[in-house]
Each structure stands twice: as structure tokens, then as C-alpha cells.
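Peer 1:
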Amino acid sequence: AQRVTQPEKLLSVFKGAPVELKCNYSYSGSPELFWYVQYSRQRLQLLLRHISRESIKGFTADLNKGETSFHLKKPFAQEEDSAMYYCALSGQGAQKLVFGQGTRLTINP
Amino acid sequence: DVKVTQSSRYLVKRTGEKVFLECVQDMDHENMFWYRQDPGLGLRLIYFSYDVKMKEKGDIPEGYSVSREKKERFSLILESASTNQTSMYLCASSLWGGSSYEQYFGPGTRLTVT
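Those sequence lines, one after another, are chains A and Y.
By the working numbering, the letter at position 69 of the first sequence is numbered 69, and the numbering carries on one by one without gaps.
By the working numbering, the letter at position 105 of the second sequence is numbered 105, and the numbering carries on one by one without gaps.
(1) Output yes if chain Y places a C-beta closer than 8 Å to the C-beta of A/LEU46; else output no.
(2) Mind checking which residues open and close the beta strand (DSSP E) that includes A/ALA88?
(3) In chain order, what residues of the same chain lie with their CB nearer than 6 Å to the CB of A/VAL19, ignoring the 5 residues before and after it?
(4) Looking only at its own chain, which residues have a Cβ that is under 7 Å from the Cβ of Y/ASP51, when we skip the five neighbours before and after it?
(5) Taking the alpha carbon of Y/PRO61 as the point to measure from, which residue in Y/TRP34, Y/LEU11, Y/LEU95, Y/ARG14 has its own alpha carbon closest?
(6) Given this structure, state the Cα-to-Cα distance separating A/LEU105 from Y/GLY108, to the nearest angstrom.
(7) Of all the options Y/LYS70, Y/SER80, Y/LYS53, which has the alpha carbon lying nearest to the alpha carbon of Y/GLY63?
(8) Taking the alpha-carbon positions, what's the A/GLY58 to A/ILE107 distance?
(9) In angstroms with no decimal places, state the Cα-to-Cα distance between A/LEU46 and A/GLY93.
(10) Measuring only the C-alpha atoms, how far is A/HIS50 from Y/SER87?
(11) Does Y/TRP34 come within less than 8 Å of chain A when only Cβ atoms are used?
(12) So which of Y/GLN85, Y/ASN84, Y/GLY16, Y/MET32 has the shortest CA-CA distance to Y/MET54?
(13) Should Y/GLN37 go down as buried or exposed, given a rule of 16 or more other Cβ atoms within 10 Å for buried?
(14) Are the C-beta atoms of Y/GLU22 and some chain A residue less than 8 Å apart?
(15) Of all Cβ atoms in chain Y, is any one closer than 8 Å to the Cβ of A/GLY66?
(16) Helix or strand or just coil, what does DSSP make of Y/THR83?
(17) Go ahead and pull the three-state DSSP assignment for A/SER52.
(18) Apart from the five residues on each side of it in sequence, which residues of its chain come closer than 6 Å, Cβ to Cβ, to Y/GLN25?
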């Protein structure tokens, strides 16, 4: 079965501090992993995907197959990073995503 | 500009009513999805469709049905609304061909069943 776990419902850090949002997954094959973000009063949107290996808005995420994790990191948090973050997984060839429970990130000034 | 629209932002219905939630996309996407979003539970897939008149059950299809008569429109139907269906409902669309394609979301419909 495919499963995504985000162990932290809430995460609060100070501006300028490093941020790490945890994501663990369960999947027997080679997954595709994503982070989606929802800012206040905005639509849910794609932040980044592991196959792109890119940094978006200063965020990066590395797929660790040994630990079955895909943690989202940013070295210096900014107030505009406050949002709801969802980790998502798709199996090989699948058209649909399985989402985690979400982590609400708050950046304090 | 990519657009997924949902017919209502807020909806209040009574228990037992039949409820229609409409979603329209203008990107010529093959795939369309209906999710419900609940605090602490994340997004859960209700149904999705990969072509006109085609549908597949998601993780929580009970109490819901869907209709896709045209490529751009995907409707979610609550045959007899119940209070436990009070939730935020999100529609999304994507290209067919693999989940690497980004899902584009609508603004959501907050449904309250009293």
C-alpha cells in the first residue's frame, strides 16, 4: 500500500532559522515524490518534485530511498513561507497522488 | 493562465439533500480529480476520471458519485448529504501520462451540511 506520513501537524520557527518539514513514505517500488503548498487564501499548488532536483523559493528536498523520506528544507525561513505544506507520492505509471496529512508552518517575526 | 474553477466557494445544505459540486478546467487536461480536505487528515481522493465517461474510485468514494460528460467538466454528487460530509472539497486536473505532470487545483468549495 502507498502511504505518506507527515509527523508534524504544526511547526513554528523564527524568521531566519532553518526549516525542515518531515515526510516519510511507504511504497515498494520507485516512487515519485512531490511537495505541494497552500498559502493563505490561495490555491494548493506544486512547490517542487524530486525528479527535477531543483530549488524553489529556497526550498530543496532530497529523496532518501534508504530511509524512505523526502524532507523539505530551507536554510533561512522567511515570513512568506508560512503556509500549509503537503507531501505527496505517486507510484510508477500512476495517474493519481497520495497525500500526507499536511504540516502547517508558521514563521514568527 | 491555467484555470480550474469550482461552481461555489461556500455551500450550505440540509441533511438528505442531493448536492452537486461542479468543476471546470480550460487546459484540455485528460485527468480530473475530486478530493476532500480535512484538518489532520490531509487530502483524500474521492474519485478521479481519466477520460470522458470514465471514472475510478479513490480512497473514500462511499456516499459520493461523479459524472464526466464533457472533457472540461467533472461533477461530484452527494446523493443524500450527511453531516459527516461537511468539508472542503477540492477539484484538480492534470495531463494524462503519469503523475509527473502537475495537478492544478481549483479554489475549493466549503460545504456545510446541517
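Even glycine gets a Cβ: it sits at the ideal position worked out from N, Cα and C.
Peer 2: In short, the structure shows the following:
(1) yes
(2) 83-90
(3) VAL13, LYS74, ALA77
(4) GLU30
(5) Y/TRP34
(6) In a straight line, the C-alpha of A/LEU105 is about 21 Å away from that of Y/GLY108.
(7) Y/SER80
(8) 15 Å
(9) Whole-angstrom Cα-Cα distance: 19 Å.
(10) 30 Å
(11) no
(12) Ranking Y/GLN85, Y/ASN84, Y/GLY16, Y/MET32 by Cα distance to Y/MET54 puts Y/MET32 first.
(13) buried
(14) no
(15) So, not an interface residue.
(16) helix
(17) helix
(18) Correct list, in chain order: VAL4, GLU72, SER93.
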